[in-house]
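*Asks:* Residue numbers (full-length UniProt numbering): 1 to 511. We put the beta carbon where it would ideally sit given N, CA and C, even for glycine. Pasting a structure below so you can have a look.
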Ligand SMILES: Cc1cc2nc3c(=O)[nH]c(=O)nc-3n(C[C@H](O)[C@H](O)[C@H](O)COP(=O)(O)OP(=O)(O)OC[C@H]3O[C@@H](n4cnc5c(N)ncnc54)[C@H](O)[C@@H]3O)c2cc1C
Ligand code: FES
């Protein structure tokens, strides 16, 4: 059996992504004192790091605060395709926002790809950057028709692409739509260099420094969990779920979607290209190179965080797909992560709410954050420097399109209400005594709903499953051994510690 073999009872609690086996970013101290800087950035993923890199290059004094370790969030668990082909999107954008905005979305993401390519070349970054064609493929008639509509959108928007009948895998497809000259890379190797450049240009980076509050004003102040204060002309919220939520704007407009990835060794060479299915459940393919040998990353099987079946089943579904399509030698890695989706599928980048000109946000990349984050970092830089940027209106968080935003707004919030109520009404039918070693589940404990996990040594951890954000009931995530909230995607370790916000406080320990 291999290290991360699916179905093993001692799966690592936090399965490690492939990327981290090859690159370890440097560590940074926690913030110990109050600071005054030009710009304070919250969050050390690709958005925060790219923004910090761009701003220090402009000579600004920048502090970046990361709650945990750099790139430990979604960025460290991505599949890192760098492309403007974001599933089926352009036909939908044309019908909801018009041709001009749809074209702008394409331009923002294509320019971001070019920016990454240029940065790699300028700094000679050794990050396995390679140009690849991207493909969406359809395995059903229904989706073949949608791909034809998407192709027609490409033509209206002058996006170079081609409708083809074949892809080089043993997958029965109806058609596939290509976008030429996209790319892929090793995201941590790329960001490692940007971090080095930030430090060389005087940028300050602090890890284990969670921002928990903001005092608004001409010079807003970020307050950390340990009570340090960082005052700046601008605050950039690059924390994935915004660490500060103006007036409850984001809780009602973002939903968290979790997806799974396995990395496999195959007997045959990978033919090149990056692929994604149009049909559900999503299947995404790309290769990575390990010691001169290709591995294939297979991603997909997404669902709303904290909802649906046993999360191990998602890994098993990817494993089954791997065996159908490839001659699998070995499954070397498995991991999962989540991204945020906005009401109209376009990220929120800009003033956090209409009356906050100096608190800016970037979030909601819908699993297409390599280019969207790079476009975000450039837009945030331009806003700080009061420069024009062609994508300001496209990404403005306060925009609202009657269709689909209204429909999605009700759907998202009905779903939250449903989980809030159903979680409270649920009477668990299991008890702590029923738990096997290595198992976790919701149990009846002292007459109340509680979450229990017994590790392989029989040690028991019991928590109050009520999410410390807005009180929904968290569910057990078997694959990652975490408590996940179905309402806004907060995640907690088996001991109750916050792994992912918007929650800031741990779950209450009961045992
Ligand atoms: C399975 C999967 C595959 C994907 N594959 C692709 C792909 O192939 N191509 C693509 O373009 N996109 C892909 N994406 C999307 C992309 O990875 C993300 O959109 C992107 O990494 C998000 O980056 P970020 O910097 O905004 O967030 P993150 O990387 O999550 O960074 C946010 C950081 O903020 C920190 N933080 C949070 N709260 C606080 C706080 N209060 N104080 C201080 N710090 C805080 C977190 O610890 C974290 O490190 C994928 C997403 C998923 C889920
Ligand atoms: S209630 Fe909002 S994340 Fe749990």
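1. If we ignore side chains and look at the alpha-carbon of each, how far apart do residue 343 and residue 364 end up?
2. Does any heavy atom of ligand 2 sit closer than 6 Å to the C-beta of residue 419?
3. According to DSSP, is residue 106 part of a helix, a strand, or is it coil?
4. In terms of residue numbering, what span does the beta strand (DSSP E) encompassing residue 340 cover?
5. DSSP puts residue 286 in a beta bridge; with which residues?
6. Where does residue 292 fall in DSSP's three states?
7. Quick check on this structure: which residue in 48, 269, 440 and 449 has the alpha carbon closest to the alpha carbon of residue 325?
8. Quick check for students: name the residue ranges of the beta strand (DSSP E) that lie wholly in the region 128 to 188, counting only runs of 3 or more.
9. To the nearest angstrom, how far is it from the Cα of residue 185 to the Cα of residue 143?
10. Please determine, among 137, 206 and 290, the residue with the shortest C-alpha to C-alpha distance to residue 281.
11. Measure the C-alpha to C-alpha separation of residue 202 and residue 288 and round it to an integer number of angstroms.
12. Extract the residue ranges of the beta strand (DSSP E) inside the region 413 to 486, only unbroken runs of 3 or more that lie entirely within it.
13. Residue 97 lies in the alpha helix (DSSP H); which residues open and close that run?
14. Whole-angstrom Cβ separation of residue 503 and residue 467, contact assumed at under 8 Å?
15. Any chance the CB of residue 303 is under 6 Å from a heavy atom of ligand 2?
16. Between the Cα of residue 308 and the Cα atoms of 378, 191, 263 and 258, which residue gives the shortest distance?
17. Taking 8 Å as the threshold, find out whether the region 320 to 338 comes into contact with the region 285 to 299 through three or more Cβ pairs.
18. Three-state secondary structure (DSSP) at residue 202?
19. Using a Cβ-Cβ cutoff of less than 6 Å, which residues in the same chain neighbour residue 87 once the five nearest sequence positions on both sides are dropped?
20. What's the C-alpha gap between residue 131 and residue 124?
21. Evaluate the contact criterion for the region 46 to 62 versus the region 217 to 226: three or more CB pairs, one atom per stretch, below 8 Å.
22. What do you reckon, are the CB atoms on residue 47 and residue 375 nearer than 7 Å?
23. Kindly confirm or deny that the region 432 to 452 and the region 203 to 221 touch, where touching means at least three C-beta pairs closer than 8 Å.
24. Looking only at its own chain, which residues have a Cβ that is under 6 Å from the Cβ of residue 394, when we skip the five neighbours before and after it?
25. Quick one: what's got a C-beta closer than 7 Å to residue 51's C-beta in the same chain, skipping five residues either side?
26. For the beta strand (DSSP E) that residue 232 lies in, which residues bound it at each end?
27. Who pairs with residue 500 in a beta bridge, going by DSSP?
28. Going by the C-beta, is residue 505 closer than 6 Å to any heavy atom of ligand 2?
29. Identify whether residue 278 lies in helix, strand or coil by the three-state DSSP scheme.
30. Please classify residue 32: is it buried, with 16 or more other beta-carbons within 10 angstroms of its beta-carbon, or exposed?
31. Per DSSP, which residues does residue 509 bridge with? Please list them.
32. If the criterion is Cβ atoms closer than 7 Å, does the pair residue 298 and residue 194 meet it?
33. Of all residues in the structure, which have a C-beta closer than 5 Å to any heavy atom of ligand 2, taken in chain order?
34. How many Å lie between residue 121 and residue 17 at the Cα?
35. Is it the case that the CB of residue 178 approaches a heavy atom of ligand 1 more closely than 6 Å?
36. To the nearest angstrom, report how far apart residue 232 and residue 55 are at their CA atoms.
*Replies:* Well, looking at it:
1. Counting from one through the chain shown, the residue named residue 343 turns up at place 343. Counting from one through the chain shown, the residue named residue 364 turns up at place 364. Linking residue 343 to residue 364 through their CA atoms gives a straight-line distance of about 9 Å.
2. Residue mapping note: residue 419 aligns to position 419 of the chain shown, counting from 1. No; taking the cut-off as 6 Å, the Cβ of residue 419 has no heavy atom of ligand 2 nearer than that.
3. As a position in the chain shown, residue 106 is number 106, starting the count at 1. DSSP, read as helix, strand or coil, puts residue 106 in helix.
4. The sequence position of residue 340 within the chain shown is 340, counting from 1. Residues 328 to 341.
5. Indexing the chain shown from 1 puts residue 286 at position 286. According to DSSP, which records beta bridges pairwise, residue 286 is partnered with 297.
6. To locate residue 292, count along the chain shown from 1; it is residue 292. It is coil, neither helix nor strand.
7. Within the chain shown, numbered from 1, the residue matching residue 325 stands at position 325. A check of alpha carbon separations from residue 325 across 48, 269, 440 and 449 identifies 269 as the nearest.
8. Whole beta strand (DSSP E) segments, 3+ residues: 130 to 138, 161 to 164 and 175 to 184.
9. By 1-based counting over the chain shown, the position of residue 185 is 185. By 1-based counting over the chain shown, the position of residue 143 is 143. One C-alpha to the other measures close to 29 Å.
10. In the chain shown, counting from the first residue as 1, residue 281 sits at position 281. Closest option to residue 281, Cα to Cα, is 137.
11. In the chain shown, the residue the question calls residue 202 occupies position 202. In the chain shown, the residue the question calls residue 288 occupies position 288. Approximately 33 Å, taken between the alpha carbons.
12. Scanning the region 413 to 486 for uninterrupted beta strand (DSSP E) segments of 3 residues or longer gives 439 to 445, 448 to 454, 460 to 463, 475 to 477 and 482 to 484, listed from N- to C-terminal end.
13. Position 97 of the chain shown, counting from 1, holds the residue named residue 97. Start and end: 90 to 97.
14. As a position in the chain shown, residue 503 is number 503, starting the count at 1. As a position in the chain shown, residue 467 is number 467, starting the count at 1. With a Cβ gap of about 6 Å, residue 503 and residue 467 count as contacting.
15. Position 303 of the chain shown, counted from the first residue, corresponds to residue 303. The answer is no for residue 303.
16. The residue labelled residue 308 in the question sits at position 308 within the chain shown. The closest CA to that of residue 308, considering only 378, 191, 263 and 258, is found on 258.
17. Short answer: they touch.
18. Here residue 202 refers to the residue found at position 202 of the chain shown. If DSSP states are grouped into helix, strand and coil, residue 202 belongs with coil.
19. Counting from 1 along the chain shown, the entry for residue 87 is found at position 87. In its own chain, leaving out the 5 sequence neighbours on each side, no residue places its CB closer than 6 Å to the CB of residue 87.
20. Numbered from 1 along the chain shown, position 131 holds the residue referred to as residue 131. Numbered from 1 along the chain shown, position 124 holds the residue referred to as residue 124. Going by the C-alpha atoms only, they are around 16 Å apart.
21. No, the region 46 to 62 does not touch the region 217 to 226.
22. Your numbering for residue 47 matches position 47 in the chain shown. Your numbering for residue 375 matches position 375 in the chain shown. The answer is no: Cβ separation not under 7 Å.
23. Inter-segment contact for the region 432 to 452 and the region 203 to 221 is absent: fewer than three beta-carbon pairs are separated by less than 8 Å.
24. Here residue 394 is taken as the residue at index 394 of the chain shown, counted from 1. Residues 101 and 104 of the same chain have their beta carbon placed closer than 6 Å to that of residue 394, with the five preceding and five following residues left out of the count.
25. In the chain shown, counting from the first residue as 1, residue 51 sits at position 51. Answer for residue 51: 41, 236, 238, 377, 380 and 381, listed in chain order.
26. Taking the first residue of the chain shown as 1, we reach residue 232 at position 232. Run containing residue 232: 229 to 237, per the beta strand (DSSP E) assignment.
27. Residue mapping note: residue 500 aligns to position 500 of the chain shown, counting from 1. Residue pairing of residue 500 in beta bridges, as defined by DSSP: 491.
28. Translated into the one-based positions of the chain shown, residue 505 becomes position 505. Not under cutoff, so the answer is no.
29. Translated into positions along the chain shown, residue 278 becomes position 278. DSSP places residue 278 in the coil class of the three-state scheme, outside both helix and strand.
30. Position 32 of the chain shown, counting from 1, holds the residue named residue 32. Exposed.
31. Translated into positions along the chain shown, residue 509 becomes position 509. Looking at the DSSP assignment, residue 509 forms a beta bridge with 463.
32. By 1-based counting over the chain shown, the position of residue 298 is 298. By 1-based counting over the chain shown, the position of residue 194 is 194. With respect to residue 194, residue 298 sits apart: the two C-beta atoms are not nearer than 7 Å.
33. My final list is 467, 469, 470, 472, 485, 487, 488 and 490.
34. Stepping through the chain shown from its first residue, residue 121 is reached at position 121. Stepping through the chain shown from its first residue, residue 17 is reached at position 17. Rounded to whole angstroms, residue 121 to residue 17 spans 26 Å at the Cα level.
35. Within the chain shown, numbered from 1, the residue matching residue 178 stands at position 178. Using a cutoff of 6 Å, the CB of residue 178 does not count as near ligand 1, since none of the ligand's heavy atoms is closer than that.
36. Mapped onto the chain shown, residue 232 falls at position 232. Mapped onto the chain shown, residue 55 falls at position 55. Here the alpha carbon of residue 232 sits roughly 13 Å from the alpha carbon of residue 55.
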